[in-house]
Every structure is written in structure tokens, then in C-alpha cells.
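There are 2 protein chains.
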Amino acid sequence: MKIAHKSGMSSKLVSSLREAIRLCGIKDGMTISFHHHLRDGDYIINHVCAELEAMGIRDINLHSSGLLQGCTPVINQIKSGTITGIDTTGIGANIGKELAKGIMKKPAMMRTHGGFPAAVTHGDVKIDVAFLAASSADCMGNMNGVDGSAAFGSAGYAFLGAQYAGKVVVVTDNLMDYPLKACTVDETFVDYVVKVDAIGDPAGIESGTVRLTKDPVHLRIAQYAMSVIRHSGLFQNGMSFQTGTGGPSLAVTKYLKEAMLQESIKGSFILGGVSAYSVDLLESGLFETILDTQSFDQRAIRSIRDNPNHQEISASRYANPFMPSCALDSLDVGILSAIEIDLNFNVNVHLSSDGHLMGGSGGHGDVADSAKLSIITAPLVRARTPVVVDKVLCKSTPGEVVDVLVTELGIAVNPGRPELRADLAAAGLPVCDIEELYRTAVGLTGVPCKPVFGDKVVAQVYHRTNTLLDEIFALV
Amino acid sequence: MKIAHKSGMSSKLVSSLREAIRLCGIKDGMTISFHHHLRDGDYIINHVCAELEAMGIRDINLHSSGLLQGCTPVINQIKSGTITGIDTTGIGANIGKELAKGIMKKPAMMRTHGGFPAAVTHGDVKIDVAFLAASSADCMGNMNGVDGSAAFGSAGYAFLGAQYAGKVVVVTDNLMDYPLKACTVDETFVDYVVKVDAIGDPAGIESGTVRLTKDPVHLRIAQYAMSVIRHSGLFQNGMSFQTGTGGPSLAVTKYLKEAMLQESIKGSFILGGVSAYSVDLLESGLFETILDTQSFDQRAIRSIRDNPNHQEISASRYANPFMPSCALDSLDVGILSAIEIDLNFNVNVHLSSDGHLMGGSGGHGDVADSAKLSIITAPLVRARTPVVVDKVLCKSTPGEVVDVLVTELGIAVNPGRPELRADLAAAGLPVCDIEELYRTAVGLTGVPCKPVFGDKVVAQVYHRTNTLLDEIFALV
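Spelled out as C-alpha cells, the structure:
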């Protein structure tokens, strides 16, 4: 009775991941995409990769906004040749260790949170099939990350696959009646829906790193960073703010809250990955809204579900430099961390000081590039190794976009910002040259031995505009 | 200090519509797109078209989800040659009258609410520049239709231009601080923002047609329609429902509410254009949610702003047949109206019985095509002219997708649904052949004179899949 092409479309449910892979026509050499909001608790990336291997599919380009510790099993598919390419913004130490041994022929593509979608929207990367983990979905593929027992909050990185992949598969462990009420990605983008027993381990979603530090060195650094904000000219009504989850970075929120209450300052928005500490600033009435691309803990997950002023935004809205604008274009203050920072303010967030590949840029290069004031917070020395070095092992973020380095023993301002340096000095802050911090650090530790690298390139590090910043070599 | 390509992007505000037109590079022959949620109160379509004319731009294809009575002034730009093409889902009677005189060389393209986005997503229509009316926006182009003095509710048809146009201009009379909190289209899609004094007349947004009828004939029809629903097998928990704004169609909500309360039935979703009567069903707890592409009155506008169960959806999510699915695929019952319906159940919603072009399909063909049960409600005779005719003046919706015609004197079931006819007859409803209704109508009015058309095609009527259904000729 109805027009033929429509008849029978009453559900997109298929029986299994394998059936979805088959229906999507996944073939050797394709690019398969994931989002990483389930963090260390993710089951979907592992299950799909194992299924691809079991089906004899080879030469897959694994495109995921993150490949964290929970994805360690994909090492098997890299070794077997199922996965021969990686495109991501951050990797867990286990995968990094294997990559550094040279188990993959092609170098891994390491991008920033903005560069990752930028490479797709700009046409450099073509996604064939995207798998979207959903803590809730309906049979037509409307999905979200806020309802269900494995709720993970914002699904900000899921929009990219939804919009740009040839085929889209929603994978959920919580099938709800049609139509799902809170809808992140809607059915118009989705081809198939798979119901699984569990999309992830809720305990692994909450990253262990999101705890406020009690380390007095970290607290000192955070206090100094707050002083830098206070005297930067940006500490005023309407200020926007982003911070990372590293010890001193996160601790800045504590002092920011005190200062805002004290001086009756009300900010506009908090941006980026969101933890309980950001939610506290919102609920305290100190900020108007949160723009959230990933939620780091249960309080953030509840908040984005229940508070209309806590908004989910796409990765492109967050940080894509190839859009007409992104939220970072409007960011005032960004607090970042560093494994190493060198005399040219270049920052390394990819290699441990002994040369092991771990982590990645995340939003580091994006925030540094965009924020009116980008502050690196770092202790001078970490585990008897200097953090301030002559030359970073990996140039993850170019020094020309870093404004200030705050350590426990002094504050170095990029020579390109003389007016800021003058303001901070006038306010009585312990401003110094970065060379002084370097000499102090090396004085404490001695000049460390540098790791020895071989010839094989195991990863390429790209800036947010997808220009090559550096290459990472296998350890000898 | 920051990387060059990012520097200075702190606002997309430009001084005027003319400046936005200039910056977008609008040239002769381009396709310029609008959404019609300001309905009869729209100022933006008129202002932009007048500006294009003043700038000497010609041969524009005017692509708008609607061109209602408030757009009457664009007749001037059609006559002057600024506008030489129209692509829409419905037009006001004044524009229709002029088109019927043959003032435009090319026929107007008349599509359905689903066919309109389908022609774009399928690549048949390329939008060069989209102007998005926004009752609130910020300086980076985040916009919505729910805040501000000219709030119009859902901006469901704005997504299309946002996603597919080469350039996107947001036009608002209510500039809010960045970041706008409730965000329909976000900044990543927007190139320029223009602040104007007023985007529209709030009084014109609320269409005069959205009033519950007191006409006893209409109420009788609505009661019969409710009886058809009740005995269709679809009147059960989880039922989904859509109705139009015509007299008998809207009145069905009154009887639906009574029946659902009486039998403790709870529906799933209400779809489509939304009025206070749909909101009442939601707030009475009789439906789980509303999926809204356009809001017809102030109560609907307040509801979509304040009630998280009243969801804004895109035109594609509503009705685009070229997406993996749309909400209509899940619709149970759709109530529609008709200017004429013929012995083959074909429906005319484009031409008055005297041959004047007015209105258009809107979602008519989409709902008829998709709903498990599509019911046309219509009086047998309207203004001494039969509504049931031998052959419609325009085939707006093909009869094979219409299930039932309900009139005040009898219910005709499409011969393709014999089981439904049997069920309704068994329930004691006044079921008859459509030929009987035709004979009764003509017996009351006599066989009317048909209007006389000339040779010139003034409009082409497309089904939702953008196949040609009919052509409309100029009146002689």
C-alpha cells in the first residue's frame, strides 16, 4: 500500500556486531572510526577490532578520538595485520610501548582534538564506517550518552562519525522505546543498531586522574597560575576558562573559585573536558554555562544529563580550526600541563622523559593556539627529571602559542608577550626567564641522559591545522 | 602571537544585510535559502529579497521551506527579474494568484516537507547562501528560535541551510552574550551574523488557522475520524499521532484526548507542526514526547523552550525519505485535510476549486505516504462546491497512499485496504464507497464548472521522492 521504498523500515536492529560489519561492507583497507568517551572502560573498540580480525579483514585504519589503556587488546590486531594504521589524539601507555617497538609499518597519526575532526572535514581522512557507542538508543538509532548504566555524558566526538562516515552503526546496551527523548545523534545519520550486553565498564569511564591534588608543590603552582590570571587583565566578568586534568592544572579551579567569590566575578563559559570541579563552578553560579565535549566523572555525567546550562558540543564546535569558528576562538584562559617544556616554550605531551610514547595532545595544541592566555603549569622537576629542558623530545605544541610557564619556583613569560611579563612583574609575581628555570632544574637533577632513538618513525605529530610538527622514532 | 589564521576571529557580526550579501558573494543565478518559521510575520525573506533587487542582482532561485502571506512583497522581485525561480512547500494566496498569471518564466517547484530537504541532501538542489532567522543569537552565530520577543519555537527547517549552504548568515533582532545557551544551529555552520531591528511580527507567527472548530459538521467528522482510529487496531499504548491544523483535523485532538483518558491509553510521540492542542496532550501525560519541526502558537513556543520532552527536530528527521530513516517511518496515525479528493483517493491541496494556486503540500504527501493509517478528514461540500470530485484539479498526494476518507456523511476506505474496511464496518461505522460520497456531494451542489486552464505551466508538483506528480497551468 505504501510506496515501495519505505515499506518495512521499522527497525535498524541487526543481530550482532559481525552482522553490522557485514552489512556495512567493511573491506580490507577501510577507515573505521570510534569515539573514546567510555575511556578506560571501553568495550566497543576492542570488540569490533576483534570481530574484524575474526572475519579475516586486514589493513584497517583505526580512527578513534582516543585509544586509552582500556584499548590495550587492539595490540593483538595490530600484530596480526588487521590494523595497520592509527589516527588518534591520545593513546594509552601499553599501546604506546608496543608502537615504540615498531610493530606497525606506518607511523601512527597523532592529532589534536581540533585537528582530528579537521582532517575529516577538510577531506584528508575519509571515514568508511563509524561505530558509535551509546549508553542509550532506540531501534532507529537515536542515541545519547547520558541515560543508562554505562552513561558517559557528552558524546561530543560522536558527531564526527555520524556526519561524515559512509555508514554509521550505533552500539548500545540500553535499548529504549522509540523515540529516545534526549537525542545526541539522531536517526537520520544511523544505518544500523546493535544491542550488546555491555558497552563498557562504568568504573573505567571515570578516569583515576581526575582528583584534586594535595601535593603542596602542585598547590603552589596552582596558586601562582591563579595570580597570573588575576593580573592578566582577563580576570573580569564574562571570563571564559578551560583547564586540564593534570594535578596543578585541575587545582587552579580551587583557587579560581575562591578568587571569583571574593571579587564577585561571574564568568561566561567553561570549556572542554569536564570534571566535578567544573560542575561545582557552574552550580556555584560562578559561570553561566559549560560547553562539554567529554565528561570525566559521574558528577559531570549527571550534570550534563540534568542541567540545561551544561551543554554537549561537538568536537568541531570545541576546537576544529577549519570551521567558520569554534568555541576555542572565544576562550580567554586555558590552563595546560606538560611532560617537558623547552627554552623555546615548545611543549612535549607525547613522550616520557625516557622516550616512551604515551598520551598525546588531546586539546593541548588547540587550547594553547586559541586561548587569549595559555598557561602551562608544571613542576620544575618530576621524578628526579627536569621538566624544563633545553629541547623537548617531541614538539607536541609549538612554543610560539604558549604564553606563560608557571612552576613552583618562578613564572616564565614568552618573550613575545613583554607587556604581560611587565604586568606580572609589577604585581610582584616571581617572574623570571625560562633559562633561569632550566638552570635551576638542571642544578637540582644534573643534566639527564637523553634516550637514544633509532631510525624508524613510529608516530607523526600534527598540529591542529594538520601540519607536521614532529616525528617520533622507535627507541633503540 | 597566535597562529595567523586564527587571529582576529572574535565576532562574525557584519553591519547590514547588504554587507552580508556582499561578503557571501551572492551573484546572479544563485540559490538563496530561507526557513519559514516566522510564518505570516516574516520580515527576513522580504528584506533580503528587496536588498538583492536594490543591489541589481538577478535571476535568483528563491528556496524557502514556505512563502506564506507575509511574503507577498516578493512579488515585486519576481516581476523585476531579481527572482526567477521558486522552490518551496507552500505559498500564500497572493503570490499564488500572481504566479497563476504567469509572471515567472520557470514553473515554481512545489515540494513536500520531506521532499524539500530530500532535493538538497540528494544533490538536486545546491544552496549557495542560507539566511537563518533567529529570535536569539550570539556574535559567533549560535542561534535559536525560542528566546527573544519574536520567538517562533522550533527552527526545524533551519538545519538544512545550515548544513548544506555554501555560506550561512544568521539574522537576529536579539543579540545575546556568547555563548548562547539553547543552541539550535551552532557557530561551526555560520559565516556571518546580522543584527536587525526586528526579524518579524510576533502577531503573524501565530497562524490564525490554529483554532479548534465549533462547526458541528467539522466536529462530526472529527468524531468519525476518532472512531476510525479506535477500530484500526492502532489505538493502543505506544501509538504515535500527527494531525494538521485544518478544522476537522485539529478537532480530532479533542476526541483523541477524551478517548485516551477514558481507556487509559498512553501514546509515544506527537509529530509535525505543533499547536497548543498537541501541547495539551503532552502536558496531560497522554503522550511521552513531541517531535516538533514548526510551532504554530505561543503555547507551543513556550513548551518547546521549557519542556525537555518537547523536542526540536530537523526537517530531514521529520520527513526526508532519502535518510536512513525519518520520524515519519515510525508514525502510526496521520490526520490530513483536502481541498479536493477524487474517486482514486488522489488529494489536491494546491488549487482552490476555481483553479487558484494557494497553499501547498506541506507534509501532506509525506504523512500519507508514511503513516500506518492516513486519514483524510473533509466535509463533503465546502462553500457550495463538492470536496469529493471525479478527478482532482491537482494531484498533490497520490491516492494509493491515502487509506481512509472521513466525511460527515460517510467513511470511504481505499479499496487497497479491504481488511480495514471490514473492521470499520463491523464496528458499525458508516462505511461506504467513495463513489457514493461523490454522488451525494454532486447531488447537493450539482456538477460544478471546472476552471479553464491555458498552456503555460506555472508550477510543478513533486512527491516527497521528488518525482513529478502534476503540473499546474495558468488560468485562462
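The listed protein sequences correspond, in order, to chains A and B.
Anchor point for the first sequence: position 155 equals 155 in the working numbering, and the numbering is continuous, going up by one each time.
Residues are numbered in the working numbering as their position in the second sequence, beginning at 1, plus a constant of 1000.
Idealized CB from N, CA, C, for every residue including glycine.
Check this for me: beta carbons of residue i and residue j, under 7 Å apart or not?
i, j, result
"residue 399 (chain A)", "residue 344 (chain A)", "yes"
"residue 107 (chain A)", "residue 457 (chain A)", "yes"
"residue 1068 (chain B)", "residue 1088 (chain B)", "no"
"residue 122 (chain A)", "residue 366 (chain A)", "no"
"residue 445 (chain A)", "residue 386 (chain A)", "yes"
"residue 393 (chain A)", "residue 348 (chain A)", "yes"
"residue 1497 (chain B)", "residue 1206 (chain B)", "As displayed, chain B neither begins before 1001 nor continues past 1476, which places residue 1497 (chain B) out of reach and without an answer."
"residue 1022 (chain B)", "residue 1051 (chain B)", "no"
"residue 116 (chain A)", "residue 38 (chain A)", "no"
"residue 211 (chain A)", "residue 321 (chain A)", "no"
"residue 54 (chain A)", "residue 194 (chain A)", "no"
"residue 272 (chain A)", "residue 337 (chain A)", "no"
"residue 1246 (chain B)", "residue 1070 (chain B)", "no"
"residue 1342 (chain B)", "residue 1402 (chain B)", "no"
"residue 227 (chain A)", "residue 429 (chain A)", "yes"
Go to residue i, then tell me how far its alpha helix (DSSP H) extends in each direction, as first and last residue.
i, result
"residue 161 (chain A)", "158 to 164"
"residue 1236 (chain B)", "Looking at the DSSP string, residue 1236 (chain B) is not in any alpha helix (DSSP H), and its letter there is neither H nor E."
"residue 1096 (chain B)", "1093 to 1100"
"residue 1227 (chain B)", "1216 to 1230"
"residue 423 (chain A)", "418 to 426"
"residue 1021 (chain B)", "1017 to 1024"
Compute the beta-carbon to beta-carbon distance between residue i and residue j, rounded to the nearest angstrom, for a pair I have assumed lies under 8 Å.
i, j, result
"residue 1224 (chain B)", "residue 1406 (chain B)", "5 Å"
"residue 1377 (chain B)", "residue 1156 (chain B)", "In fact, because the Cβ distance is near 24 Å, the residues do not count as touching under 8 Å."
"residue 250 (chain A)", "residue 277 (chain A)", "6 Å"
"residue 168 (chain A)", "residue 190 (chain A)", "5 Å"
"residue 1374 (chain B)", "residue 1328 (chain B)", "11 Å between Cβ atoms; not a contact."
"residue 128 (chain A)", "residue 229 (chain A)", "Residue 128 (chain A) to residue 229 (chain A), Cβ: 44 Å. No contact."
"residue 161 (chain A)", "residue 35 (chain A)", "7 Å"
"residue 357 (chain A)", "residue 99 (chain A)", "6 Å"
"residue 1111 (chain B)", "residue 1462 (chain B)", "5 Å"
"residue 82 (chain A)", "residue 49 (chain A)", "7 Å"
"residue 41 (chain A)", "residue 200 (chain A)", "4 Å"
"residue 1134 (chain B)", "residue 1144 (chain B)", "7 Å"
"residue 1242 (chain B)", "residue 1331 (chain B)", "6 Å"
"residue 177 (chain A)", "residue 138 (chain A)", "7 Å"
"residue 300 (chain A)", "residue 274 (chain A)", "4 Å"
Mapping DSSP to helix, strand and coil, what is residue i?
i, result
"residue 1063 (chain B)", "strand"
"residue 464 (chain A)", "coil"
"residue 1056 (chain B)", "coil"
"residue 1386 (chain B)", "strand"
"residue 1198 (chain B)", "coil"
"residue 1071 (chain B)", "helix"
"residue 444 (chain A)", "helix"
"residue 1 (chain A)", "Because the pLDDT of residue 1 (chain A) is 37, which lies under 50, any placement of that residue in the model is unreliable, and the number read from its coordinates should be weighed accordingly. Coil at residue 1 (chain A), not helix or strand."
"residue 1206 (chain B)", "coil"
"residue 1255 (chain B)", "helix"
"residue 1177 (chain B)", "coil"
"residue 41 (chain A)", "helix"
"residue 144 (chain A)", "strand"
"residue 1456 (chain B)", "strand"
"residue 369 (chain A)", "helix"
"residue 392 (chain A)", "coil"
"residue 103 (chain A)", "coil"
For residue i, report the span of its beta strand (DSSP E) as first-last.
i, result
"residue 1412 (chain B)", "1410 to 1413"
"residue 404 (chain A)", "404 to 407"
"residue 477 (chain A)", "The requested residue 477 (chain A) does not occur in the structure, where chain A is confined to residues 1 to 476."
"residue 172 (chain A)", "167 to 172"
"residue 115 (chain A)", "No beta strand (DSSP E) contains residue 115 (chain A), which is instead part of the alpha helix (DSSP H) from 115 to 121."
"residue 1272 (chain B)", "1267 to 1274"
"residue 132 (chain A)", "129 to 134"
"residue 1373 (chain B)", "1373 to 1377"
"residue 1085 (chain B)", "1083 to 1088"
"residue 11 (chain A)", "Careful: residue 11 (chain A) lies outside any beta strand (DSSP E) and carries neither H nor E."
*Give, in chain order, every residue of the region 1171 to 1201 of chain B whose Cβ lies closer than 8 Å to some Cβ of chain D.*
Of the protein chains in this structure, namely A and B, none is chain D.
*3-residue-minimum beta strand (DSSP E) runs that sit fully inside the region 1295 to 1364 of chain B, ordered along the chain*: Every unbroken stretch of the beta strand (DSSP E) spanning 3 or more residues and falling wholly within the region 1295 to 1364 of chain B is given here in chain order: 1310 to 1312, 1333 to 1336 and 1340 to 1342.
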